[in-house]
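Student: The sequence shown begins at 395 in our numbering and counts up by one.
C-beta atoms are modelled at their ideal positions from N, C-alpha and C, and glycine is treated no differently.
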Amino acid sequence: MKTRQRSSSRGEPPTRLSEYLESVYREGAVLDERGKRISLAPHSIERDQGEALSRLVLAEGAALTIEVGLALGMSALFLCRAVLEQGGRHVAIDPYQHESWNGGGLRTLREAGVEDVVEVIQQESQLALPRLVQAGREFDLAFIDGNHRFEGVFLDLYFMTRLVRPRGLIVVDDMWMPAVRLAVAYVERNLGATLVPDALPDGFRWRRRRPLERGVPRGRGAMAVLRMPAERPEPEWDDFVAPF
Numbered sequence: 395m396k397t398r399q400r401s402s403s404r405g406e407p408p409t410r411l412s413e414y415l416e417s418v419y420r421e422g423a424v425l426d427e428r429g430k431r432i433s434l435a436p437h438s439i440e441r442d443q444g445e446a447l448s449r450l451v452l453a454e455g456a457a458l459t460i461e462v463g464l465a466l467g468m469s470a471l472f473l474c475r476a477v478l479e480q481g482g483r484h485v486a487i488d489p490y491q492h493e494s495w496n497g498g499g500l501r502t503l504r505e506a507g508v509e510d511v512v513e514v515i516q517q518e519s520q521l522a523l524p525r526l527v528q529a530g531r532e533f534d535l536a537f538i539d540g541n542h543r544f545e546g547v548f549l550d551l552y553f554m555t556r557l558v559r560p561r562g563l564i565v566v567d568d569m570w571m572p573a574v575r576l577a578v579a580y581v582e583r584n585l586g587a588t589l590v591p592d593a594l595p596d597g598f599r600w601r602r603r604r605p606l607e608r609g610v611p612r613g614r615g616a617m618a619v620l621r622m623p624a625e626r627p628e629p630e631w632d633d634f635v636a637p638f
C-alpha cells in the first residue's frame, strides 16, 4: 500500500521565502557554499515559468511534490511555496550539488527558510527513484529537469509514472530537446499518460506528427504536462506502441 507523508502544519508561505525569491531574481544570481555568485541563467527556471508551476501545484491541491534536478534550487522554491500552503513536503533529487553547483541549491534552500520542508536525495535518479517506489512513496506532482539524455529522461519518466498518484501530474521541462520529446511521446503512447497542453501558459503541444525516421516531431511550448491515468495500465509482455 502506498504511504503518503504529509506535514501537519498548514498556512501561508513564509515571508522569508517570498523575499528571497524577489531578491535572487532581482540580482539574477544566488550564492554557492563559498559565497561565490552563480548566475541563474541559463541553469534555472525563469520566473514566469516558476510562478505558473506554483499556480499549477495549488490548482491541483498537490501537497506532496518531487523533482529531479535541484541545481540552484529555483524550481524547488516555487514548488515549496505552493506546497507550504497545503502543509505538504517536497523531495529533490540531485547527485551533483557539490560536484557541479558547489552546494548552491542547498544554500538556496537554507536561505529561503525551506530546508526543513525539502528532503534532498544526493543520488543519481535512476538509483533513487526505484528505491522510493520500493518504499511505497507516492506523490501528487513531479517535475523532471535532470539528465537530458534520452535514457535519463526515459528512466525518470518511467519511475515517476510509478510514484505519482492516479490522476496526478508529471511536468517535464526542456521540450525543445529531441531526446526529451521522444521519452514523453513513449509515455503517452504506452503508459496511459495524457498530454495537457493548457495546464501551463507555455504548455507543450505537438505539431503535426510524422514518422520517427524523419526525426522526432516538434511542438510548441517549453514544458509538457502529463496527466496520469486513473488506473495504471498493465500491458501484455510484448505490447509496444511506436511513439510516432
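So, with DSSP's three-state summary, where would you put Ser433?
Tutor: Position 39 of the sequence shown, counted from the first residue, corresponds to residue 433. In the structure shown, Ser433 sits in a strand (DSSP, three-state: E or B).
Student: So the beta strand (DSSP E) Gly562 belongs to, where does it begin and stop?
Tutor: By 1-based counting over the sequence shown, the position of residue 562 is 168. Looking at the DSSP string, the run of the beta strand (DSSP E) that includes Gly562 is Val558 to Val566.
Student: Starting from Leu598, trace the alpha helix (DSSP H) both ways and give me its first and last residue.
Tutor: Within the sequence shown, numbered from 1, the residue matching residue 598 stands at position 204. Here the sequence assigns Phe to residue 598, which means Leu is not the residue at that position. No alpha helix (DSSP H) contains Phe598, which DSSP labels as neither H nor E.
Student: Keeping to the same chain, check which residues put their C-beta closer than 8 Å to that of Ile538; ignore five residues upstream and five downstream.
Tutor: Working through the sequence shown from its first residue, we reach residue 538 at position 144. So the list reads Glu461, Val462, Gly463, Val547, Asp550, Leu551, Met554, Ile564, Val565, Val566 and Asp567, once near-sequence residues are dropped.
Student: Select from Asp488, Val477 and Arg420 the residue whose C-alpha is nearest the C-alpha of Ala456.
Tutor: Along the sequence shown, one-based indexing puts residue 456 at 62. The option with the nearest alpha carbon to Ala456 is Val477.
Student: Please list, in chain order, all residues of the same chain as Val590 whose beta carbon is under 6 Å from its beta carbon, the five residues on each side excluded.
Tutor: The sequence position of residue 590 within the sequence shown is 196, counting from 1. Counting only Cβ-Cβ distances below 6 Å, and skipping sequence neighbours, we find Val619 and Arg621.
Student: Return the chain-ordered ranges of every alpha helix (DSSP H) run that is complete within the region 469 to 508 and spans a minimum of 4 residues.
Tutor: 498 to 505
Student: From the DSSP output, in three-state form, read off Glu545 for me.
Tutor: Residue 545 sits at position 151 when you count from the first residue of the sequence shown. Correct three-state label for Glu545: helix.
Student: Whose CA, out of Pro489, Glu532 and Glu440, lies closest to the CA of Gly482?
Tutor: Translated into positions along the sequence shown, residue 482 becomes position 88. Closest by alpha carbon: Glu532.
Student: Touch check for the region 418 to 433 and the region 493 to 502: three-plus C-beta pairs under 8 Å?
Tutor: In short, these stretches touch, since the Cβ pair count reaches three.
Student: Within a Cβ cutoff of 6 Å, which residues of the same chain sit near Tyr419, ignoring the five residues on either side of it in sequence?
Tutor: Here residue 419 corresponds to residue number 25 of the sequence shown, with the count starting at 1. Once the five neighbours on either side are set aside, the close Cβ partners of Tyr419 are Arg441.
Student: Just verifying my parser: in three-state terms, what is the DSSP assignment at Ala457?
Tutor: Locating residue 457 in the sequence shown gives position 63, counting from the first residue. Three-state DSSP puts Ala457 in coil, outside helix and strand.
Student: When DSSP labels each residue in this structure, what does Met554 get in the three-state scheme?
Tutor: In the sequence shown, the residue the question calls residue 554 occupies position 160. Helix at Met554.
Student: Could you check what DSSP says for Leu526 in three-state terms: helix, strand or coil?
Tutor: Here residue 526 refers to the residue found at position 132 of the sequence shown. Residue state, collapsed to three classes: helix.
Student: Is the region 519 to 535 in contact with the region 447 to 455, if contact means three or more CB pairs nearer than 8 Å?
Tutor: Yes, the region 519 to 535 is in contact with the region 447 to 455.
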